[in-house]
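Note that our numbering has the sequence shown beginning at 875, numbered continuously upward.
Note sheet for the following structure.
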Amino acid sequence: MSEAPVPSTGASLFSLVSDADAAVAAARSVADRLTIPITRGLRRTSGQVSGSAAGSSIDFQDHRPYMPGDDPRHIDWQAYARSGHYTMKLYREEVRPLVDLVIDVSPSMALDAAKARRSLELAAFCLEAVQRSASSLHVFTLAGGIATPLENSLALHQITLAGEAASVPQFELIPWRAASLRIVVSDLLFAANPEAICPALASGNGRGIIFAPYCAAESDPDWLGNTELADCESTARQDFQFSPEDMRRYRATYANHFALWQDATRRCGIALARISSESPLVDALQESALGVGAVEIA
């Protein structure tokens, strides 16, 4: 009897990768060749990303329309008197790119050793690329209905896979910042309507990028005959007798699932890159992420 991969729950993603330090170092080095298009579409007057110091009245640089959640103390009342529209004064700190990074910690993110490593590598690459850009970065893990903020410098060691009780990731719990780049690292293996999730990644003048790791064990499994399966979000096990027709239906359902995600992300202007776990990270990104605009040449 064959056996399907069994994911780990409640463990640190870093601890599940046998050569985690080497994997992280390799992923960071990829940022020498490829980067994330963080400043694409960002309105700037100086032509350069601003420094990290907090803004003050003498650091005024630009205007933008008022958005819900903005600090009313920064409304330009003289502009309002002229136009009748609320306009925000932008100070030096505010014109720094804003990046919100969310890492799905569903157990399926570490379905097997190759996928666990790829999930860690993607997190490390995203962190490295964003930090090199001098952007304002917020990092969260998401497990069902629990969004956990992480410390940027410790994030890779704080990524802990959810327990078996975790439900569908609730992306609406993330405090997305207005006009931010929203980067999501998730395999998207959950039963939810992508049409209900994707608009949030582009709301508030934001942009979205999804890096979706996958492995051969899920995309092209060899479950012919009697196979013991483990629910990838729990410890439940069950024996199945798979026929070639069963596998044909499985692969068709799997392909249709991601076709729905492709359609939903395309309509919302979100870059979706499915990243294979079977090849080096730089090769996988060049093959699947470069063409859709999820990464660009550094």
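Note that the Cβ used here is the ideal one computed from N, Cα and C, for glycine as well.
Helix, strand or coil for V1166? Go by DSSP, reduced to three states. Indexing the sequence shown from 1 puts residue 1166 at position 292. Note: V1166 maps to coil in three-state DSSP.
What is the DSSP secondary structure of I949, counted as helix, strand or coil? In the sequence shown, counting from the first residue as 1, residue 949 sits at position 75. Here I949 sits in strand by DSSP.
The alpha helix (DSSP H) with T1139 in it runs from where to where? On the sequence shown, position 265 is the one that residue 1139 refers to. Residues 1118-1141.
Which residue wins for smallest C-alpha separation from S1054, given the options V1004, S1027, L1024? Position 180 of the sequence shown, counted from the start, is the residue given in the question as residue 1054. Answer by Cα proximity: V1004.
Quick one: using the 10 Å Cβ neighbour count with 16 as the cut-off for buried, is T1139 buried or exposed? Here residue 1139 is taken as the residue at index 265 of the sequence shown, counted from 1. It counts as buried.
Which residues in the same chain have their Cβ closer than 6 Å to the Cβ of R1081, if we skip the five residues on either side of it in sequence? Translated into the one-based positions of the sequence shown, residue 1081 becomes position 207. Cβ neighbours of R1081 within its own chain (closer than 6 Å, five residues either side excluded): L1055.
For the alpha helix (DSSP H) containing H959, list its first residue and its last residue. Counted from its first residue, the sequence shown places residue 959 at position 85. Per DSSP, H959 belongs to no alpha helix (DSSP H) and is neither H nor E.
In the DSSP assignment, find the unbroken alpha helix (DSSP H) run with S993 in it and report its ends. Here residue 993 refers to the residue found at position 119 of the sequence shown. Segment 987-1006, the alpha helix (DSSP H) holding S993.
D1113 versus D1120: straight-line alpha-carbon distance, rounded: As a position in the sequence shown, residue 1113 is number 239, starting the count at 1. As a position in the sequence shown, residue 1120 is number 246, starting the count at 1. If I take the Cα positions, the gap works out to 14 Å.
Closest to G884 by C-alpha separation, out of A894, S982, D906, would be which residue? Position 10 of the sequence shown, counting from 1, holds the residue named residue 884. Per the Cα distances, S982.
Is I1171 helix, strand or coil when you go by DSSP? Indexing the sequence shown from 1 puts residue 1171 at position 297. In the structure shown, I1171 sits in a strand (DSSP, three-state: E or B).
Could you compute how far the alpha carbon of W1050 sits from the alpha carbon of L1016? To locate residue 1050, count along the sequence shown from 1; it is residue 176. To locate residue 1016, count along the sequence shown from 1; it is residue 142. A direct Cα-Cα distance of roughly 13 Å separates W1050 from L1016.
Helix, strand or coil: how does DSSP classify L1159 here? Reading the sequence shown from its first residue, position 285 is the one you call residue 1159. In the structure shown, L1159 sits in a helix (DSSP, three-state: H, G or I).
Taking A841 as the reference, which of N1026, G1019, R991 has the closest Cα? As displayed, the chain neither begins before 875 nor continues past 1172, which places residue 841 out of reach and without an answer.
Hey, how far is the Cα of N1130 from the Cα of I949? Numbered from 1 along the sequence shown, position 256 holds the residue referred to as residue 1130. Numbered from 1 along the sequence shown, position 75 holds the residue referred to as residue 949. Going by the C-alpha atoms only, they are around 47 Å apart.
Assuming R902 is part of the alpha helix (DSSP H), what are its boundary residues? As a first step, residue 902 is located in the sequence shown; it is residue number 28 there, counting from the start. Unbroken alpha helix (DSSP H) run through R902: 894-904.
So, do the region 982-1000 and the region 1056-1064 have three or more beta carbon pairs nearer to each other than 8 Å? yes
Beta-carbon separation (whole angstroms), P1087 vs S1153, contact threshold 8 Å: Here residue 1087 refers to the residue found at position 213 of the sequence shown. Here residue 1153 refers to the residue found at position 279 of the sequence shown. The pair is not a contact, with the Cβ atoms about 12 Å apart (cut-off 8 Å).
Considering only DSSP beta bridges, list what N1100 is partnered with. Looking up residue 1100 in the sequence shown gives position 226. Beta-bridge pairing links N1100 to Q1115.
Is F1085 closer than 7 Å to I1149 when the C-beta atoms are compared? On the sequence shown, residue 1149 is found 275 positions in, with the first residue counted as 1. On the sequence shown, residue 1085 is found 211 positions in, with the first residue counted as 1. The answer is yes: Cβ separation under 7 Å.
DSSP-derived helix/strand/coil call for A1029: Stepping through the sequence shown from its first residue, residue 1029 is reached at position 155. Helix at A1029.
Rounded to the nearest angstrom, how far is the Cβ of L908 from that of L1098, given a contact under 8 Å? The residue given as residue 908 occupies position 34 in the sequence shown. The residue given as residue 1098 occupies position 224 in the sequence shown. 38 Å between Cβ atoms; not a contact.
Starting from G1082, follow its DSSP beta bridges and name the residues at the other end. Position 208 of the sequence shown, counted from the start, is the residue given in the question as residue 1082. BP columns for G1082 point to R1056.
Please list the terminal residues of the continuous alpha helix (DSSP H) segment that includes A1091. What you label residue 1091 is simply residue 217 of the sequence shown in a count that begins at 1. Note, A1091: alpha helix (DSSP H), 1090-1093.
Rank P939, E995, I1048 by C-alpha distance to the C-alpha of Y960 and give the top, closest one. Taking the first residue of the sequence shown as position 1, residue 960 is located at position 86. Here the closest residue by C-alpha is P939.
Secondary structure of L887, DSSP reduced to three states: The residue given as residue 887 occupies position 13 in the sequence shown. Helix.
Backbone secondary structure at P1154 - three-state DSSP: As a working note, residue 1154 is residue 280 in the sequence shown. It is coil, neither helix nor strand.
Taking the alpha carbon of P1073 as the reference point, which residue from W1135, R1122, T1034 has its own alpha carbon closest? Here residue 1073 refers to the residue found at position 199 when the sequence shown is read from its first residue. Nearest of W1135, R1122, T1034 to P1073, Cα basis: W1135.
Identify whether L1047 lies in helix, strand or coil by the three-state DSSP scheme. Working through the sequence shown from its first residue, we reach residue 1047 at position 173. Three-state DSSP puts L1047 in a helix.
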